Amino acid sequence: MTSTRPATTSAPSRSATTTRPRTASPSSGPSPGSRSGSGSSRSTTTSTDGPGDIPVNQPTSSAPRIRLGAQLWSQHTDWPAIRDAAVAAEAVGWDSVWTWDHLLAIFGPADQPILEGWTTLAALSSVTSRLQLGLMVGANTFRNPGLTAKLATTLDHVSGGRAILGIGGAWFEREHEAFGIDFGAGFGERLDRLDEAVMLLRRLLDGERITHEGRFYQFHDALCEPRPIQPHLPILIGGSGPKKTLRTTALRGDLWNTAGTIEETRTRLEILDAHCADVGRDRSEIELTVSFPVLIRDRQADAEAAWASLIGSNGTIHAGAVPHLYGNPEQVADAIRPYVELGFSTIIARLPAPYDLETIERMIEVRNLLSGG
88 MTSTRPATTS
98 APSRSATTTR
108 PRTASPSSGP
118 SPGSRSGSGS
128 SRSTTTSTDG
138 PGDIPVNQPT
148 SSAPRIRLGA
158 QLWSQHTDWP
168 AIRDAAVAAE
178 AVGWDSVWTW
188 DHLLAIFGPA
198 DQPILEGWTT
208 LAALSSVTSR
218 LQLGLMVGAN
228 TFRNPGLTAK
238 LATTLDHVSG
248 GRAILGIGGA
258 WFEREHEAFG
268 IDFGAGFGER
278 LDRLDEAVML
288 LRRLLDGERI
298 THEGRFYQFH
308 DALCEPRPIQ
318 PHLPILIGGS
328 GPKKTLRTTA
338 LRGDLWNTAG
348 TIEETRTRLE
358 ILDAHCADVG
368 RDRSEIELTV
378 SFPVLIRDRQ
388 ADAEAAWASL
398 IGSNGTIHAG
408 AVPHLYGNPE
418 QVADAIRPYV
428 ELGFSTIIAR
438 LPAPYDLETI
448 ERMIEVRNLL
458 SGG
C-alpha cells in the first residue's frame, strides 16, 4: 500500500472545505517549560476527548506515544479552509499543525492562491488552544535571522508558548527569481548560510545580545525582546544533506524532519548519528520527525483515487518522490511502523487542499495502532 506515484483516477473526497468540523472543546495549551535545554522532551499529557461522535481514544498501553502533525498545504486554499482543518485536527487529538513557507505555488500553475506562512500560523493560534505550530519548513533565504527570531518569538507569545521554529536551506528557485530574492551561488552556499543563521537564531532565542561579523550576517548589539515564553523555543531543521544539513542538525537542532524510503531514512539517521558523535551531542536529544503524503479510506483503491483527485485539483499528478501512504488505518500504520522502530516519534501527514476530513479523523486510529492502543 506504499507507493511513490499516486493513481491517476479520481473520486470525490470528504474534505474540510465542504464539511464543517465540529468545534473543539476547550483544553489547556502546552506547558511553556515542556522543553528544556537542548533536548526534545515533550509533555505527554493526553488531550481531552473530542466532542460529539469524534473519539480521541488515546492509547493506554506502555508503548511510546506517537505524535501526529498535520502539514496543511497552503496552496489552492483559503483562510476558512485551513482554519477549519486545523480546528478539526485539534478536536480529534493531533499534536501539531504545520504549513508551508512559499511565495508561489510549488505544484501546478504558479497563479494558484497561496497563503503566507508566518501570518497563517499566527491566525491559527487564535482558533486553537493546544496544537503546536510551525513552518515545514521556513526558507532561510527569505529573511534575516534576526527577523526570523522575532517572528518565532512573537508567535510563541500570541499562541501561549506553542511555537516551533522550522527552517531549511530553501530549494524553490522560481520564487526567488520572481521576487528578486538572493538564491545564492549554489545549494552548498545556502546550507552554509543556514548553518550560520541557525547559530544566530539559537543565541537570539536564548536571550543573548549579539555582535557578530560572519560570512553572511553582521549583527551589532542585536537582541530579541521579549524572549519566548518557552524557556527553550525548539528549532526544527528540515533536510537530509549528509555533509552540511545533518551536521547543522547535530550541532543545534531540537527536531529533525526528513522524508524518504526506510532505506534512505536509515542511512541518513546513521549519518546524523556520526555527526552527533563528532560534535559530542547525544542524538537522543533530537526529536525525529518524518513526513508522508497520507490518504485514508477502508479500501486502498478508494484512497488512491481520492488522493489523485486532491492532487489533481492542485494542478499536478505527483507530490514528490517520497512514499505515499494510501489505504486503511492498519495499512498506513504498517507502512509507518519501520520508521517508529528506528526512533521516529512524530509523524507528519502531508495534506493537500481541499483538506480531507476523513484522513484527519482517522489518523488517530493510525496513532493508536502505532502506540499500542
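So in our numbering, the last one in the sequence shown is 460, and the numbering has no gaps at all.
Virtual Cβ for every residue (Gly too), placed ideally from N, Cα, C.
These figures come from a predicted structure and were not determined experimentally.
The alpha-carbon separation between N455 and P439 amounts to approximately 23 angstroms.
With respect to the C-alpha of I254, the residue from L220, I153, A309 having the closest C-alpha is L220. Among the bridge pairs identified by DSSP, N344 is matched with G325, T376. The beta-carbon separation of D421 and E374, rounded to 23 angstroms, does not stay under the 8 angstroms limit for a contact. Using a Cβ-Cβ distance cut-off of 8 angstroms, the segment 437-451 and the segment 155-164 are in contact, since at least three pairs of beta carbons, one from each stretch, lie closer than that value. In this chain, the beta strand (DSSP E) harbouring E300 covers 297-300. Taken atom to atom, the span from the alpha-carbon of G325 to that of A173 is near 22 angstroms.
Under the 10 Å beta carbon count, E428 is surrounded by fewer than 16 other beta carbons and is classified as exposed. Judged by DSSP in its simplified three-state form, Y304 adopts coil rather than helix or strand.
Going by C-alpha positions, Y442 is about 27 angstroms away from T352. Of V214, W185, I322, the smallest CA-CA separation from E203 is found for W185.
By the Cβ-count criterion, D369 is exposed, with fewer than 16 other Cβ atoms from all chains shown falling within 10 Å of its own Cβ. A direct Cα-to-Cα measurement between G402 and G195 gives close to 4 angstroms. Inter-segment contact for the segment 261-268 and the segment 323-337 is absent: fewer than three beta-carbon pairs are separated by less than 8 angstroms. Looking at the DSSP output, Q162 bridges to I201. Membership of R152 in any beta strand (DSSP E) is not indicated, and neither H nor E is assigned to it by DSSP.
Judged by pairs of C-beta atoms under 8 angstroms, the segment 266-286 touches the segment 224-234, as three or more such pairs exist. Cβ-Cβ distances below 8 angstroms link V245 to A209, S212, S213 in the same chain, with the five nearest sequence neighbours on each side left out; the list follows chain order. Going by DSSP, S396 is part of the alpha helix (DSSP H) stretching over 387-400. Here the alpha carbon of Y426 sits roughly 44 angstroms from the alpha carbon of H307. Taking C-beta atoms under 8 angstroms as the contact rule, I251 and P321 qualify, at a distance of about 5 angstroms. In the three-state DSSP reduction, T403 falls in the coil class, being neither helix nor strand.
Non-local beta-carbon contacts of M286 in its own chain, meaning distances under 7 angstroms to residues more than five positions away in sequence, involve R339 in chain order. Between A390 and G367, the gap from beta carbon to beta carbon reaches 8 angstroms or more. Around T348, the same chain offers P410 as residues with beta carbons nearer than 7 angstroms, after the five sequence neighbours per side are excluded.
Residue pairing by DSSP places A168 opposite no residue, since no beta bridge is assigned to it.
Excluding residues up to 5 positions away in sequence, V381, I383, L412, V453 lie with their Cβ nearer than 7 angstroms to the Cβ of V419 in the same chain. Excluding the 5 residues flanking it on each side, E283 has same chain C-beta neighbours closer than 7 angstroms at G301, R302, F303, Y304, in chain order. Between W181 and L242, the CB-CB gap reaches or exceeds 8 angstroms. DSSP places I451 in the uninterrupted alpha helix (DSSP H) bounded by 444-457. At a Cβ-Cβ threshold of 8 angstroms, I316 and T376 do not count as neighbours. Between the alpha carbons of L323 and N344 lies a distance of about 7 angstroms.
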